[in-house]
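In terms of the numbering used here, the sequence shown opens at residue 1313 and continues consecutively.
Using N, Cα and C, we set each Cβ at its ideal position, and we do this for glycine too.
As structure tokens, the structure follows; a few thoughts come after it.
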Amino acid sequence: MKRILITGADGFLGSHLTDFLLEKKYRIYGLKKPEIAVKNLTHYTNNKRIFDLNDKEKFLGKSIQIPTQIENLQLIECDMNDAILLEDLISKIKPELIYHFAAQPYVIPSWEDPRYTFNTNIIGTINIFEPLKKHNLKAKVVVACSSAEYGTTTETLDRALRESDPLKAVHPYGISKIGTELVSRQYYLNFGIDVIMLRYFNQTGPRKENDACSDFVKRVAQIEMGLAEPYIEVGNLDSYRDITGIKDSIQATWLATKKGKIGESYNICSGKKIKIRNVLK
1313 MKRILITGAD
1323 GFLGSHLTDF
1333 LLEKKYRIYG
1343 LKKPEIAVKN
1353 LTHYTNNKRI
1363 FDLNDKEKFL
1373 GKSIQIPTQI
1383 ENLQLIECDM
1393 NDAILLEDLI
1403 SKIKPELIYH
1413 FAAQPYVIPS
1423 WEDPRYTFNT
1433 NIIGTINIFE
1443 PLKKHNLKAK
1453 VVVACSSAEY
1463 GTTTETLDRA
1473 LRESDPLKAV
1483 HPYGISKIGT
1493 ELVSRQYYLN
1503 FGIDVIMLRY
1513 FNQTGPRKEN
1523 DACSDFVKRV
1533 AQIEMGLAEP
1543 YIEVGNLDSY
1553 RDITGIKDSI
1563 QATWLATKKG
1573 KIGESYNICS
1583 GKKIKIRNVL
1593 K
């Protein structure tokens, strides 16, 4: 049975991919942010936390395992900046496939704390690749990148963005994702580690938070249930977004994993822009 490691497994994208891969009967090792309750994978766990794994031969060092109700899923708390624990886990799990989805994924916090954003997104990525290099482990790594790397180009072009378009990030988050790509590609070019980079555009679906679609839906539901005043706060309704449903994103992720060319970047998107005003309507 193929061993798959997913960082950010309890996030929006990671949790849906976990569901998808468990249905295919893969063995999943999911890493999640420490000291935060399970949010998107509660259907697999009672959300308890136990310190230290019982099987000392399998994992070394101090880690926190979250008991699950399914044999093929193991949830482990691990910070992407904890290089020692990451090396320990990766060297013991020996994953055949890694999905690196853990990140600081928001623009505003990236301005508020750019150091944390760069450490988590770039150094965290290095911490995934270094154990593979050091222990000569053979694993394909699929790295989550972002349309934010293109900057405002996503708004001004009258055609779908191509992977060959210039990267002109305009905030620390976008810059950190360019760094994530550059780091990932150099491990392929210099050390022969198989890597595929996926530039995700806007995604929506169950479990999504902090985006226009999910915020609008949540607010409308609250209004209809009498839990909120009958108004919706909006930003720039004339801006455009390329929005993809999470099921399509997961299918595209799996297709890129199976068919993508090693060392290349791929856009994960619909290829169509929609005005936020029309989303609200």
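Beta carbon of residue i nearer than 8 Å to that of residue j
i	j	result
Leu1343	Cys1390	yes
Ser1403	His1447	yes
Leu1334	Leu1385	yes
Thr1357	Gln1377	no
Ser1582	Glu1493	no
Ile1580	Leu1473	no
Ile1388	Leu1401	yes
Lys1573	Asp1554	no
Ile1505	Lys1445	yes
Gly1436	Asn1502	no
Tyr1341	Pro1407	yes
Thr1556	Gln1515	yes
Ile1508	Ala1568	yes
Residue i in three-state terms, based on DSSP
i	result
Leu1387	strand
Gln1563	helix
Val1482	coil
Gln1498	helix
Val1419	helix
Ser1327	helix
Tyr1578	strand
Leu1372	In this prediction, Leu1372 scores a pLDDT of 41, lower than 50, which makes its location untrustworthy; no coordinate-derived value is stated.
Gly1557	strand
Ile1362	Low confidence applies here, because Ile1362 scores a pLDDT of 46, under 50, leaving its location unreliable; read the following figure in that light. Three-state DSSP puts Ile1362 in a strand.
Gly1491	helix
Tyr1338	coil
Thr1380	strand
Thr1319	strand
Arg1427	helix
Lys1344	strand
Leu1473	coil
Among the options, the one whose alpha carbon lies nearest that of residue i
i	options	result
Ile1558	Lys1571, Phe1513 and Met1537	Phe1513
Pro1421	Asn1433, Glu1347, Tyr1411 and Ala1564	Asn1433
Asn1352	Tyr1341, Ile1440, Gly1323 and Cys1581	Gly1323
Lys1480	Gly1463, Ala1472, Ala1395 and Asp1470	Gly1463
Ala1414	Ser1561, Lys1489 and Phe1332	Lys1489
Lys1345	Leu1398, Ile1562 and Gln1515	Leu1398
Ala1349	His1328, Leu1329 and Pro1379	Pro1379
Ile1405	Pro1417, Tyr1428 and Ile1440	Ile1440
Arg1519	Gln1416, Leu1449 and His1355	His1355
Val1453	Lys1337, Asp1331, Gln1498 and Glu1383	Gln1498
Leu1329	Arg1427, Gly1575, Gly1517 and Asn1522	Gly1517
His1412	Ile1438, Glu1383 and Asp1425	Ile1438
Gly1491	Glu1475, Asn1431, Asp1470 and Met1537	Asn1431
Gly1575	Gly1538, Gln1563, Asn1522 and Glu1475	Glu1475
Continuous beta strand (DSSP E) stretch holding residue i: start and end
i	result
Leu1409	Leu1409 to His1412
Ser1458	Lys1452 to Ser1458
Gln1515	Asn1514 to Thr1516
Leu1449	It is not in any beta strand (DSSP E) - Leu1449 carries neither H nor E in the DSSP assignment.
N- and C-terminal bounds of the alpha helix (DSSP H) containing residue i
i	result
Ile1434	First-last for Ile1434: undefined, no H or E at that position.
Thr1354	Premise fails: Thr1354 is in no alpha helix (DSSP H) and is neither H nor E.
Lys1404	Ala1395 to Ile1405
is_contact[residue i, chain C] using C-beta, thresh 8 Å
i	result
Arg1471	Here chain C cannot be found, since the structure has a single protein chain.
Cβ contact (3+ pairs, closer than 8 Å) linking the region 1480-1493 and the region 1457-1465: The region 1480-1493 is in contact with the region 1457-1465.
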